[in-house]
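In the numbering used here, the protein residues as written are 161 to 272.
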Amino acid sequence: MGQARTYTEEFKAQAIKLAKEVGTKRASEELGVPKNTLGTWVHKAKKGEVDPGKGEQMPGTALTLVEENKELRRQLKERDKEIKRLNELNEFLEEASAFFAASRRKSGKSND
């Protein structure tokens, strides 16, 4: 009897995608995967047990490392800018809160 073959999650995701496009029988023939095995993967994907999204990036649409690095740097810069804005807003709110607390103390009002 033959040795059981193992498949990566990426391979399974691509196989599921191909099976959805051309049918399970044809995809299993093209990939050399038993039809029952591929059918099980497709069934599990429908039930949400396998993530078919892992294989969605094709070589033509995937970012190069340089492009991905550039995009990540852009996102980091945006987040740093947002953090700075939120820190400034937080500082302003703390000062406003202290001002109004002092104002209440001076007027002798309390929360009673």
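We treat Cβ as the ideally placed atom computed from N, Cα and C, and that holds for glycine.
Distance between beta carbons of residue j and residue i, contact taken as under 8 Å
i	j	result
V210	T184	V210 to T184, Cβ: 14 Å. No contact.
Where residue i falls, given that 16 or more other Cβ within 10 Å makes a residue buried
i	result
S188	buried
Residue i, DSSP secondary structure in three states
i	result
R165	coil
V226	helix
E238	helix
E209	coil
Nearest to residue i (by Cα), restricted to the options the options
i	options	result
V182	L232, K204, L198 and E169	L198
R165	L178, L191 and D240	L191
A179	K195, L253, K230 and Y167	K195
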